[in-house]
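Participant: Protein chains in written order, with this note's numbering: chain H, 417 to 1157; chain G, 23 to 254.
C-beta atoms are modelled at their ideal positions from N, C-alpha and C, and glycine is treated no differently.
What follows is a structure written as structure tokens; I'll ask about it next.
Encoded structure:
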């Protein structure tokens, strides 16, 4: 097949811009070959190069705490947890593939993030996710929702890693462009930590795992443009997942890492062989000579261009210590996997690509990668117009609800509040037998076998808040994630982020992005949770407009003693319920405003990071001193929704409560306010006095709400709802919608 | 003597290490992995076929594992009266291998399901159940996409007559109703034994509830029953 002539027009079709084309000509000192053009276009795509985001990302706290490698340096972040162990974790988006092919898009999202973890030498121990869709009333949304959940489930279930926590939101803003963010957490003995590096002249370079096909070509480029009516034709850009092969790849990889036969290893995700060869070489300040004839192919007649750009899943690139090739091959053969030497490390800094007796590409590896020659842009910023209106929203103009009980039941029935059991019952949440607290509580808690510790983990972001105030809203996302970790008994350790935004060439989008990063940096510094890495997904736009800016936070915390593990739900009759923190009647962006009044407006709730930190320290100290029987953070749906959850989350033993909720200016405001830095706790009656003394020593406001008792939730002077009714709403709303009732 | 459990590892098994941990670390029994390409059962007293997705299970579950080299040895072992226990995918493999009667269909919901279920013990007079306290319901999780057990009328009446139905899905108060059946299994069947009483398959995962750290040890009643029968 004759290759097309490489021209500026062809470069434009590849998504490159004029100044990038000129830069390529300058780097090479000549016109690139067709294969080279393909390599540059994927490596300099937004997805691989972070060209429009890296300048902002560098302002985040990327070291400190117990961080072992700085953000972006390796496949995933790494944090010391003692006992010679480290935890590796990372979150990544698979939004665009999931929009056109939900099942495979989501499945390969899970597969990709898992490989990032085990290429560090870590065994994956848990999977999390953060999912956003349009309104569930829409049949396309239900199709996407169902497909994404099955894709995540089928991949993780077969791969044998429990899916333990996450979040699912529904909002019209995500109608044409759902967000699918997958996070993985792994554990590694510090001496087995492995790097994504190639060095040492003459060391062999091997491709292992699946054979290479035409699937996913230009996936990275597809991810770097807006979704449109034409996107359906991009279905071939979506990769196909094979969790069985990945499971074999995991076992084989960990085996060769443990034996010390590797120099380095990298997953082949976006941009496939192009990305792994150039990044590993650039990191080792070396080069590579690659012969594509050696790459196991699953299709006939593939060109060098196609092989270099294929995003076939379940493949990795290994740089092996010379002399250990046969040993490495024997391990992969034992697991019935391909393992071929495709080249060797050189010291000229160049990527030489040969195929069928021809030199197809010669590119300096450093020029292709982020931190090297990849372009870096700082885009124009402009505050969006809509904020002028939303900030000035007059809450007093809202009509008072006539029937407060009906209003509560309606808010509580929101798909954003009710249980996501329909989702997580399709996930294996228990395999590996470490799940102490699974989905449904504030954060998941995963046992670390052989120690007396556990990890707690969560993903979080209320994107309506971020839409209304990108900086403060992002602070809230970090604060809420940390609060959830603390409520489960853990100390927050670090953050991974998945930044889902619109088109960065729109000044309003870029302003949102920069503001969000500023807020995230401030909050992460306050909680001493460095950002260990993550992923940026721009171009999340569907027909009319950008999605809500959604900087998803994934956080991991350490539970230092299993006795500290705390769950959200009420335990025993007679326990006393307290509210820690106080209400400021924050209704902006609330679920109440959206569900009852169909309005997304106002400012996001106020967040005072100093107060938040004191609150978290206090709660953790109370947990460690054995005061607290349950702790649940107040979020969407306000205090009354949180109380209802405390009553019924434990399906085996629902238990009622009798409480009085302090009312400030209006009943609806007080019940549904989403003021931050608030936690509902319950304690044993006998500890009441000591507890109050202890809390008075701090400056944290608190109030006694009432008692755990009976078979209804009684909000004194207002209404009463029996447990059966609450449980029916909470656990059956989504199943009813999905079965078409 | 300390009983020895051989745990078969197929490519795609993912509950093999969980079974090993439950047997070796929690109970201090001997336990060893057996590779699917081998045929040596290494003098095991009990063979465990663990849960997972053997060979990816892209065809019918267990359909390929049934042809692996080790399965011939397992069949021979069972025919001589050796104790074999299949959990989840292991149960599916036992059905495919003809060591237990019936077949597994997709869950009636057509969805994977993972949650705790309650099981009634239908026959206490077996080596798998005779040390379970009488009338105790076991709370054990299921995690499968194809756990909808089916057999023809004649097979079912034979199973009943021979007391081969070992576990049924029940409510927390012990009623075998539709609401407590997680997958649509005929007669709420969760686990079976063969006529001879030495081969058992069950969909729920007892190895997932042996460690007190996880808050539930009901699964261990089954392993302890097996072990005590070997010791005696």
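Which same chain residues end up closer than 6 Å to residue 561 of chain H when comparing Cβ atoms and leaving out the 5 residues on each side of it in sequence?
Facilitator: Stepping through the first chain from its first residue, residue 561 of chain H is reached at position 145. Excluding sequence neighbours, residue 561 of chain H sits near 549.
Participant: Jot down the residue ranges of each uninterrupted alpha helix (DSSP H) in the stretch 718 to 745 of chain H, minimum 4 residues, whole runs only, in chain order.
Facilitator: Entirely contained in the stretch 718 to 745 of chain H, the alpha helix (DSSP H) runs reaching 4 residues are, in chain order, 720 to 725.
Participant: Restricting to Cα atoms, I'd like to know which of H:1096, H:804, H:590, H:701 is closest to residue 765 of chain H.
Facilitator: In the first chain, counting from the first residue as 1, residue 765 of chain H sits at position 349. Cα-wise, what sits closest to residue 765 of chain H is H:701.
Participant: Taking the alpha-carbon of residue 896 of chain H as reference, which of H:858, H:867, H:924 has the nearest alpha-carbon?
Facilitator: On the first chain, residue 896 of chain H is found 480 positions in, with the first residue counted as 1. For residue 896 of chain H, the nearest C-alpha among the options comes from H:858.
Participant: Going by C-alpha to C-alpha distance, which of H:847, H:521, H:1091, H:840 sits closest to residue 855 of chain H?
Facilitator: The residue labelled residue 855 of chain H in the question sits at position 439 within the first chain. It is H:840.
Participant: Suppose contacts are defined by Cβ-Cβ distances below 9 Å. Is residue 519 of chain H in contact with residue 662 of chain H by that definition?
Facilitator: Residue 519 of chain H sits at position 103 when you count from the first residue of the first chain. Residue 662 of chain H sits at position 246 when you count from the first residue of the first chain. No, the pair does not count as a contact, with Cβ atoms beyond the cut-off.
Participant: Decide yes or no for the touch test of the stretch 454 to 467 of chain H against the stretch 421 to 439 of chain H: beta carbon pairs closer than 8 Å, at least 3 of them.
Facilitator: The stretch 454 to 467 of chain H, when compared against the stretch 421 to 439 of chain H, does touch it at the 8 Å Cβ threshold.
Participant: Please say whether residue 624 of chain H and residue 693 of chain H have beta carbons closer to each other than 9 Å?
Facilitator: For the purposes of this step, residue 693 of chain H is taken as residue 277 along the first chain, with counting starting at 1. For the purposes of this step, residue 624 of chain H is taken as residue 208 along the first chain, with counting starting at 1. Not a contact, by the Cβ cut-off of 9 Å.
Participant: Taking residue 230 of chain G and residue 241 of chain G to be in contact with their CB atoms under 8 Å, please state how far apart those CB atoms are, rounded to whole angstroms.
Facilitator: Within the second chain, numbered from 1, the residue matching residue 230 of chain G stands at position 208. Within the second chain, numbered from 1, the residue matching residue 241 of chain G stands at position 219. Confirmed, about 6 Å.
Participant: Just checking, does the stretch 1082 to 1090 of chain H make contact with the stretch 953 to 970 of chain H on the three C-beta pairs under 8 Å criterion?
Facilitator: Verdict: no, contact absent.
Participant: Which value, in whole angstroms, describes the spacing of the CA atoms of residue 1019 of chain H and residue 664 of chain H?
Facilitator: Counting from 1 along the first chain, the entry for residue 1019 of chain H is found at position 603. Counting from 1 along the first chain, the entry for residue 664 of chain H is found at position 248. Rounded to whole angstroms, residue 1019 of chain H to residue 664 of chain H spans 50 Å at the Cα level.
Participant: Using a 10 Å radius around the Cβ and a threshold of 16 neighbouring Cβ atoms, would you call residue 745 of chain H buried or exposed?
Facilitator: The count along the first chain starts at 1 and reaches residue 745 of chain H at position 329. Residue 745 of chain H should be labelled buried.
Participant: If distances are taken between C-alpha atoms only, which option among H:955, H:1154, H:909 comes closest to residue 922 of chain H?
Facilitator: As a working note, residue 922 of chain H is residue 506 in the first chain. Residue 922 of chain H has its Cα closest to that of H:955, out of H:955, H:1154, H:909.
Participant: Can a CB atom of chain G be found closer than 9 Å to the CB of residue 1068 of chain H?
Facilitator: Working through the first chain from its first residue, we reach residue 1068 of chain H at position 652. Residue 1068 of chain H counts as touching chain G.
Participant: So what's residue 225 of chain G in DSSP terms, helix, strand or just coil?
Facilitator: One-based indexing of the second chain puts residue 225 of chain G at position 203. Here residue 225 of chain G sits in coil by DSSP.
Participant: Over the uninterrupted beta strand (DSSP E) stretch that includes residue 1048 of chain H, give me the two end residues.
Facilitator: Counted from its first residue, the first chain places residue 1048 of chain H at position 632. Residues 1044 to 1049.
Participant: In angstroms, rounded to a whole number, what distance separates the CA positions of residue 937 of chain H and residue 584 of chain H?
Facilitator: The residue given as residue 937 of chain H occupies position 521 in the first chain. The residue given as residue 584 of chain H occupies position 168 in the first chain. Their backbone Cα atoms lie some 25 Å apart in a straight line.
Participant: For residue 805 of chain H, count neighbouring Cβ atoms within 10 angstroms of its own Cβ and tell me buried if that reaches 16, exposed if not.
Facilitator: Stepping through the first chain from its first residue, residue 805 of chain H is reached at position 389. Residue 805 of chain H should be labelled exposed.
Participant: Looking at C-alpha atoms only, which residue of H:977, H:1078, H:979, H:941 is the closest neighbour of residue 999 of chain H?
Facilitator: As a position in the first chain, residue 999 of chain H is number 583, starting the count at 1. When only C-alpha atoms are compared, the closest one is H:1078.
Participant: Mark residue 948 of chain H as exposed unless 16 or more other C-beta atoms lie within 10 angstroms of its C-beta, in which case mark it buried.
Facilitator: Here residue 948 of chain H refers to the residue found at position 532 when the first chain is read from its first residue. Its Cβ being crowded by 16 or more others within 10 Å, residue 948 of chain H is buried.
Participant: When you compare only the Cα positions, how much space is there between residue 626 of chain H and residue 1047 of chain H?
Facilitator: In the first chain, residue 626 of chain H corresponds to position 210, counting from 1. In the first chain, residue 1047 of chain H corresponds to position 631, counting from 1. Rounded to whole angstroms, residue 626 of chain H to residue 1047 of chain H spans 46 Å at the Cα level.
Participant: Quick one, which residues of the stretch 143 to 168 of chain G are near chain H if we go by CB-CB under 8 Å, in chain order?
Facilitator: The stretch 143 to 168 of chain G vs chain H, Cβ under 8 Å: 163, 165, 167.
Participant: Output needed for residue 978 of chain H: all residues of its chain with C-beta closer than 7 Å, excluding positions within five of it in sequence on either side, in chain order.
Facilitator: Within the first chain, the letter at position 562 stands for residue 978 of chain H. Around residue 978 of chain H: 868, 870.
Participant: Going by Cα to Cα distance, which pick from G:79, G:196, G:166, G:201 is closest to residue 225 of chain G?
Facilitator: Here the question's residue 225 of chain G lines up with position 203 in the second chain. Of the listed residues, the one whose Cα sits closest to residue 225 of chain G is G:166.
Participant: Can you tell me whether residue 679 of chain H is buried or exposed, with buried defined as 16 or more other CB within 10 angstroms of its CB?
Facilitator: Position 263 of the first chain, counted from the start, is the residue given in the question as residue 679 of chain H. Buried: at least 16 other Cβ atoms inside 10 Å.
Participant: Can you name the residues of chain H whose CB is closer than 7 Å to the CB of residue 37 of chain G?
Facilitator: Counting from one through the second chain, the residue named residue 37 of chain G turns up at place 15. The contacting residues are 847.
Participant: Report the residues of the stretch 115 to 138 of chain G with a CB closer than 7 Å to any CB of chain H, ordered along the chain.
Facilitator: Cβ contacts with chain H come from 133, 134, 135, 136, 137.
Participant: Given this structure, state the Cα-to-Cα distance separating residue 102 of chain G from residue 121 of chain G, to the nearest angstrom.
Facilitator: On the second chain, position 80 is the one that residue 102 of chain G refers to. On the second chain, position 99 is the one that residue 121 of chain G refers to. Each residue's alpha carbon lies about 12 Å from the other.
Participant: Could you tell me which residues DSSP pairs with residue 966 of chain H in its beta bridges?
Facilitator: Walking along the first chain from the start, residue 966 of chain H turns up at place 550. According to DSSP, which records beta bridges pairwise, residue 966 of chain H is partnered with H:916.
Participant: Is there a C-beta anywhere in chain H that falls below 9 Å from the one on residue 185 of chain G?
Facilitator: Working through the second chain from its first residue, we reach residue 185 of chain G at position 163. So no, residue 185 of chain G is outside the interface.
Participant: I need the straight-line Cα distance from residue 1039 of chain H to residue 808 of chain H, nearest angstrom please.
Facilitator: For the purposes of this step, residue 1039 of chain H is taken as residue 623 along the first chain, with counting starting at 1. For the purposes of this step, residue 808 of chain H is taken as residue 392 along the first chain, with counting starting at 1. Roughly 41 Å separates the two Cα atoms.
Participant: What whole-angstrom Cβ distance do residue 837 of chain H and residue 1147 of chain H have, given they're in contact under 8 Å?
Facilitator: The sequence position of residue 837 of chain H within the first chain is 421, counting from 1. The sequence position of residue 1147 of chain H within the first chain is 731, counting from 1. 6 Å between Cβ atoms; contact.
Participant: Where do the ends of the beta strand (DSSP E) carrying residue 776 of chain H lie?
Facilitator: Here residue 776 of chain H refers to the residue found at position 360 of the first chain. Per DSSP, residue 776 of chain H belongs to the beta strand (DSSP E) from 774 to 780.
Participant: Does the stretch 441 to 458 of chain H come close enough to the stretch 912 to 921 of chain H to have 3 or more Cβ pairs within less than 8 Å?
Facilitator: The stretch 441 to 458 of chain H vs the stretch 912 to 921 of chain H: no contact.
Participant: Does the beta-carbon of residue 585 of chain H, which I'm using as the reference point, lie nearer than 8 Å to any heavy atom of the ligand GTP?
Facilitator: As presented, the structure is devoid of all ligands, the ligand GTP included, so that no description of it is given.
Participant: Go ahead and pull the three-state DSSP assignment for residue 1114 of chain H.
Facilitator: Working through the first chain from its first residue, we reach residue 1114 of chain H at position 698. Reduced to three states, the DSSP call for residue 1114 of chain H is coil.
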